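Residue numbers (my numbering), protein chains in the order written: chain Y, 2 to 330; chain U, 64 to 528.
Notes to accompany the following structure.
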């Protein structure tokens, strides 16, 4: 089994919104589609789902042209959508029916997910003291977080083989974020193909093995996340000491990326330069009269996805802005 | 068009239909409509006093409120044998004082001082609440007329006047037979009003007849049906537009499109609206008939038969009703597809009203065209306006059902009208679904009417899924 996107292109007039996108998932897993707002993620997802026609390119599943309407695909859209004035249970059964799930089976699944996502009190409210069942809840009677849970239910109710999650965790409180993460982990464990789009980089790092970063429709970085990080090398040095060390950093000629209270984030060229600076700190503690430096944290690590993203997309945007400026001049 | 284009339309249809019927405001409106249909016949029957059928009215009062009758015979028929005081032969009127009023031509020189014109007589009777005038005269438009005139604040009952009138008409007929020396049947044959019938030659050489115009009463039936359908079309179209706009503005559309094609979505929604409307209309019509039947059981009078133009019930045949109902269904579908486009143009529900302008304009043009055509049907059923309105899909849904119910127009024009509507429904389903496909995912700047052409072009070029 494999999923592949080849040279996907989409333009609106003269504007190319997706420019030759390629991505491959040789086996089930989680693939991250990243980019700033307007980078072309949602358009790419809509093309993969067959909502929008591609100008050119191919979307293949198991080597054949993907037929999204004939496949079992679960989709959690970025812009959540429920009918505000219709009962939630009716909507879930309708969505399940559209995916070809029979009513009795759909009802079973609604009950399962309702319990799993702690929505029983809204979907199956207990009878009141008079033994009368309360009216079914409408979507607009639910909080935003609970509406998002219903959306996740709608995406999972057909037990899809292919899952697309666009900003799955946005707007959730920490408790519900953990609940969502658990559910997503369970789905991954079922060997499903998952495409995730998110601006929450720690979440992407937690789940995704491969990434593509888009900027203005173009792919600016792509590949296995671990390998990408490795290729950057361990260049981030975090040093926390008791005692002032800023003069020592300056003497060593190291750039400070960020200065936090009693901690420095320094950019180094690699392990050697980091070790050299560590020796400088130890020497300073031993040799300089009256100077006491206690090292609390000395950590050398690869760049985070957030840093890579900002570097790639931020730089690209800046360059483009500069280019536009020059053009104007 | 592939079969997969329609996959899932039944689910959309079922869901939309169920949710429409679950909607509280829809239910309340419908229940009110049904109550009106149930109560209309008995209430109208009670207030219009239609307890007995036409021609069955009997005058069984024992005494009269009339004390004096002035007879003003401008045509001098009284002199040649017309008994203008015939009603006095009835016991109830035997004590009524009769005064013959001399008309100018009857006056001799001595009588001049008694000269009374009709106007003077009316002024006099206006002060006598128990008097009536029997006025025989020649009306240029209607012919010979016999009026029974009372004072404005007269104490004389209208039923008594009607009774005297009917006795005078009977007497006048007798007088006619006497002076013309003709029998009742011969005179009836002379009085018969002929309809001019046009013969239309068919392709096989045979002829069919066509009545070239309709009566005023039938015009009002067509007019009433036209407005009823206009209301139905407007209501159901706004239901479709609201449903589509809600899909779009609530962002449910994005989820739905992972399972179904836009064409299936539009079709499901429009058909749900058609079924809803036809059911609503059918049940209302059925309730009105049931109500009429029950009213008849209590009053002995068939209210609808008495009030509807003569012979109209004969046209309510299965083929006519079928053509009319399919016509309504096709019309609701036609306007439903346009409404779907209007709904898809909306980004937020607040823009709904503005977007509906296009639909309302088209509905109004169609209604007015149908209305003018139905007016022209009083003059001729072969005029170009009638054909245009019957064949143009914007007006035919309003006109066709009425035309079928009154049995006007040739069968071929009704079938042609239906065929065009059906064909156009099919074409518009295809075209609107393509544009709809682009519009529903469009969230850019506000869409104007002129942009629709651009979208249609884009859709034609295959820039959709």
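C-beta atoms are modelled at their ideal positions from N, C-alpha and C, and glycine is treated no differently.
Source: prediction; values computed, not measured.
Proximal chain Y residues relative to residue i, where beta-carbon distance stays under 9 Å
i                      : result
residue 427 of chain U : Those do not exist, as residue 427 of chain U stays about 30 Å from chain Y at its closest Cβ, beyond 9 Å.
residue 74 of chain U  : 95, 98, 99
residue 302 of chain U : Result: empty, since nearest Cβ-Cβ is about 14 Å, beyond 9 Å.
For residue i, the nearest candidate out of the options (CA to CA)
i                      : options                    : result
residue 95 of chain Y  : U:75, U:101, U:149         : U:75
residue 411 of chain U : U:342, U:184, U:194, U:306 : U:306
residue 102 of chain U : U:405, U:468, U:348        : U:348
residue 413 of chain U : U:350, U:343, U:308, U:345 : U:308
residue 306 of chain Y : Y:271, Y:112, Y:201        : Y:201
residue 292 of chain Y : Y:169, Y:130, Y:245, Y:147 : Y:245
residue 212 of chain U : U:206, U:221, U:341        : U:221
residue 103 of chain Y : Y:65, Y:160, Y:194         : Y:160
residue 151 of chain Y : Y:220, Y:65, Y:81          : Y:81
residue 215 of chain Y : Y:309, Y:178, Y:30, Y:130  : Y:309
residue 504 of chain U : Y:275, Y:39, Y:44          : Y:44
residue 556 of chain U : U:292, U:417, U:225, U:315 : The first residue shown for chain U is 64 and the last is 528, placing residue 556 of chain U beyond what the model contains.
residue 377 of chain U : U:436, U:468, U:428        : U:468
residue 199 of chain U : U:215, U:187, U:231        : U:231
residue 501 of chain U : Y:267, Y:8, Y:13, Y:3      : Y:13
residue 69 of chain Y  : U:106, U:163, U:68         : U:68
residue 92 of chain Y  : Y:148, Y:47, Y:55          : Y:148
residue 297 of chain U : U:441, U:479, U:403, U:85  : U:403
residue 299 of chain U : U:455, U:458, U:145, U:332 : U:332
residue 168 of chain Y : Y:176, Y:162, Y:185        : Y:185
residue 124 of chain Y : Y:132, Y:131, Y:130, Y:138 : Y:138
Listed by chain order, chain Y residues near residue i by CB distance under 8 Å
i                     : result
residue 71 of chain U : 99
residue 78 of chain U : 91, 95, 98
Closer than 7 Å at the beta carbon, the chain Y residues around residue i
i                      : result
residue 315 of chain U : 82, 83, 84
residue 309 of chain U : 84
Where residue i falls, given that 16 or more other Cβ within 10 Å makes a residue buried
i                      : result
residue 18 of chain Y  : buried
residue 16 of chain Y  : exposed
residue 99 of chain Y  : buried
residue 126 of chain Y : exposed
residue 232 of chain Y : exposed
residue 78 of chain U  : buried
residue 204 of chain U : exposed
residue 482 of chain U : exposed
residue 172 of chain U : Residue confidence is low: residue 172 of chain U scores 48 on pLDDT, short of 50, so the model does not pin down where it sits. No coordinate-derived value is stated.
residue 211 of chain Y : buried
residue 203 of chain Y : exposed
residue 154 of chain U : exposed
residue 208 of chain U : exposed
residue 142 of chain U : exposed
residue 117 of chain U : With a pLDDT of 42 at residue 117 of chain U, under the threshold of 50, the predicted position of this residue should be treated as unreliable, and no value is reported.
residue 74 of chain Y  : buried
residue 475 of chain U : exposed
Whole-number beta carbon distance between residue j and residue i, since they are thought to touch under 8 Å
i                      : j                      : result
residue 236 of chain Y : residue 265 of chain Y : Actually they are not in contact, since the Cβ atoms of residue 236 of chain Y and residue 265 of chain Y sit about 14 Å apart, beyond 8 Å.
residue 180 of chain Y : residue 118 of chain Y : 7 Å
residue 33 of chain Y  : residue 205 of chain Y : 5 Å
residue 127 of chain U : residue 223 of chain U : 6 Å
residue 285 of chain Y : residue 294 of chain Y : 6 Å
residue 270 of chain Y : residue 249 of chain Y : Incorrect: roughly 17 Å between the Cβ atoms, too far for contact.
residue 83 of chain Y  : residue 134 of chain Y : So it is not a contact: roughly 22 Å between Cβ atoms.
residue 164 of chain U : residue 135 of chain U : 5 Å
Cross-chain neighbours of residue i in chain U, by beta carbon under 9 Å
i                      : result
residue 47 of chain Y  : 317, 320, 504, 528
residue 74 of chain Y  : 321, 322
residue 32 of chain Y  : Those do not exist, as residue 32 of chain Y stays about 18 Å from chain U at its closest Cβ, beyond 9 Å.
residue 107 of chain Y : Chain U residues near residue 107 of chain Y: none, gap ~11 Å exceeds 9 Å.
Under 7 Å from the C-beta of residue i: neighbouring residues of chain U
i                      : result
residue 69 of chain Y  : 321
residue 194 of chain Y : Near residue 194 of chain Y there are no residues of chain U at all, since even the closest Cβ is about 15 Å away, more than 7 Å.
residue 87 of chain Y  : 82
Partner residues on chain U for residue i, Cβ-Cβ distance less than 8 Å
i                      : result
residue 50 of chain Y  : 320, 321
residue 155 of chain Y : 318
residue 78 of chain Y  : 314, 317, 318
Interface flag, residue i vs chain A, CB-CB below 7 Å
i                     : result
residue 42 of chain Y : No chain A appears in the structure shown, which is made up of the protein chains Y and U.
Positions along the segment 315-336 of chain U whose CB lies within less than 8 Å of some CB in chain Y: Hits within the stretch, in order: 315, 316, 317, 318, 319, 320, 321, 322, 323, 324.
Quick one: which residues of the segment 238-271 of chain Y get their C-beta closer than 9 Å to a C-beta of chain U? List them in chain order. none
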